[in-house]
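In terms of my numbering, the sequence shown is residues 14 to 312. Backbone N, C-alpha and C fix where the C-beta goes; we use that ideal spot for every residue, glycine too.
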Amino acid sequence: QAEMAMYRAKSSGRNGVAFFDPQMQAQADQRAMLTQDLHTAIRECQFQLHYQPIVQQQSVTGVEALLRWQHPEQGMISPAVFIPFAEQTGLIIAIGDWVLMEACQQLACWQQQPELRRFTCSVNISSFQFAQADFVEKVVAAIIGSGVNPEGLRLELTESMLATDIAMVQEKMGKLQTLGVSFSLDDFGTGYCSLSYLHQLPIGQLKIDQKFVRNIHTRQGNLAITKAILALADSLDLDVVAEGVETSEELQQLKALGCRSFQGYYFSRPMPANAAFAKIMQPLNVISLAHGRGPQGAT
Ligand code: C2E
Ligand code: MG
Ligand code: MG
Ligand code: MG
């Protein structure tokens, strides 16, 4: 135990042999506090889902649900900060259950609009959640509890969670697919995934990570990788969404490569359900006129 602490202090500390590193202590305190606050957040419902449109041509075909934590003192805390934390502490399970239920309830409500019958809501799933023995039951409970049409529910998985026990993954995905649930591979290209999974599993969509989208019109490397992903998706008959589209230059380049679905600040930031609904129900050209920002309109 002491040796481990020494080892960690040595390998991470800048002062070499520091056994008791005040910086490490401060970090540990901060972690304990955050864990405490996460417990409270779950109890007191401090979470919210925002929804970011996914667009194709001139219309919004779906949204991605993105978790927001309104901390009473610290304000909005990014999921990029607290999700890894929630995973380490196991709290991701309770949080993930809530996300599934909330997203399904919201989608069920949107599905009552005749225009939105084919509309999808994508929900991010943590590898810890997916690995639970009762994961499928949890999803089924959210579907039944909300009355949502499962055809609209899309679960976003990441490459790393598929690289575990393939038979188990196949079984879980298969059961959910039978119900009508579809799957998307998030941040595609950034993880470690054997490409053979792509046709062994019922994956319907790849999301090109925003890292490859960024300045794709000027960065040869990003262009080459995105081209390869689009070709792969085309030959396996998978849909593709380009994530994190911020500029019209990026959008034009992606379109020139044959990409047809997009998500990013250029179209819309993630927004609370009501605001998202207003955006979903309007054609994009109307939105851009309202913002006075040219043909496609950014926010
Ligand atoms: P992600 O699933 O890849 O989600 C996309 C992230 O990119 C979101 O960040 C979104 O706000 C951001 N984004 C969208 N368009 C743009 C753009 O044009 N430019 C830039 N710079 N960013 C853009 P967010 O909401 O901070 O979420 C970060 C990550 O946290 C997500 O990445 C996802 O991995 C995780 N996450 C979010 N909500 C949940 C959840 O409910 N459950 C789980 N397990 N993870 C979640
Ligand atoms: Mg995602
Ligand atoms: Mg992503
Ligand atoms: Mg991500």
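Contact check, residue i vs residue j, beta carbons under 9 Å
i: I216; j: L170; result: yes
i: N162; j: E77; result: no
i: F280; j: V258; result: yes
i: C122; j: A155; result: no
i: Q276; j: V112; result: no
i: M174; j: F143; result: yes
i: L80; j: I55; result: no
i: G75; j: G165; result: yes
i: Q83; j: Q119; result: no
i: L189; j: V152; result: yes
Secondary structure of residue i, DSSP reduced to three states
i: C134; result: strand
i: I293; result: helix
i: G307; result: The pLDDT assigned to G307 is 41, lower than 50, so where the model puts this residue is not dependable; a value taken from the coordinates is nonetheless given after this. Of the three classes helix, strand and coil, the one that applies to G307 here is coil, per DSSP.
i: F56; result: Just to set this straight, residue 56 is Arg in the shown sequence, not Phe. Reduced to three states, the DSSP call for R56 is helix.
i: A255; result: strand
i: S281; result: coil
i: D200; result: strand
i: H230; result: coil
i: I221; result: strand
i: P92; result: helix
i: G187; result: helix
i: T171; result: strand
i: Y205; result: coil
i: S72; result: strand
i: I242; result: helix
i: R273; result: coil
i: I156; result: helix
i: L62; result: strand
i: S139; result: coil
Distance, residue j Cα to residue i Cα
i: E150; j: Y64; result: 25 Å
i: P66; j: A180; result: 33 Å
i: Y210; j: D34; result: 44 Å
i: F196; j: C206; result: 15 Å
i: S248; j: K224; result: 23 Å
i: K240; j: E86; result: 45 Å
i: L198; j: L245; result: 13 Å
i: Q126; j: Q40; result: 48 Å
i: M89; j: F95; result: 11 Å
i: G158; j: G271; result: 39 Å
i: R192; j: I242; result: Note on identity: in this sequence residue 192 is Leu, with Arg being the wrong assignment. One C-alpha to the other measures close to 28 Å.
i: I229; j: Q295; result: 29 Å
i: M61; j: G187; result: Here the sequence assigns Gln to residue 61, which means Met is not the residue at that position. Taking the straight line joining both Cα atoms gives about 30 Å.
i: M146; j: E184; result: It is worth fixing the name first, because residue 146 is Ala in this sequence and not Met. In a straight line, the C-alpha of A146 is about 11 Å away from that of E184.
i: G204; j: A291; result: 35 Å
i: Q36; j: Y278; result: 36 Å
i: H212; j: Q71; result: 30 Å
i: E262; j: T53; result: 44 Å
i: I293; j: D178; result: 38 Å
i: A286; j: E115; result: 11 Å
i: G328; j: Q124; result: Residue numbering for the chain in the displayed model covers 14 to 312; residue 328 lies beyond these limits and cannot be assessed.
i: L251; j: D50; result: 41 Å
Taking 8 Å as the threshold, find out whether the stretch 205-221 comes into contact with the stretch 165-181 through three or more Cβ pairs.
By the Cβ criterion, the stretch 205-221 is in contact with the stretch 165-181, since at least three pairs of Cβ atoms, one from each stretch, lie closer than 8 Å.
Assess, as a yes-or-no matter, whether the stretch 43-55 is touched by the stretch 263-279 under the definition of 3 or more beta carbon pairs within less than 8 Å.
Proximity of the stretch 263-279 to the stretch 43-55 falls short of the contact definition, fewer than three beta-carbon pairs being nearer than 8 Å.
For the pair the stretch 95-102 and the stretch 123-134, tell me if three or more CB-CB distances fall below 8 Å.
Touching, no, given that fewer than three Cβ pairs across the two stretches are closer than 8 Å.
Collect the residues with a C-beta less than 7 Å away from any heavy atom of ligand 3 and give them in sequence order along the chain.
Those residues are D199, D200, K220, D222, Q223, E256, given in chain order.
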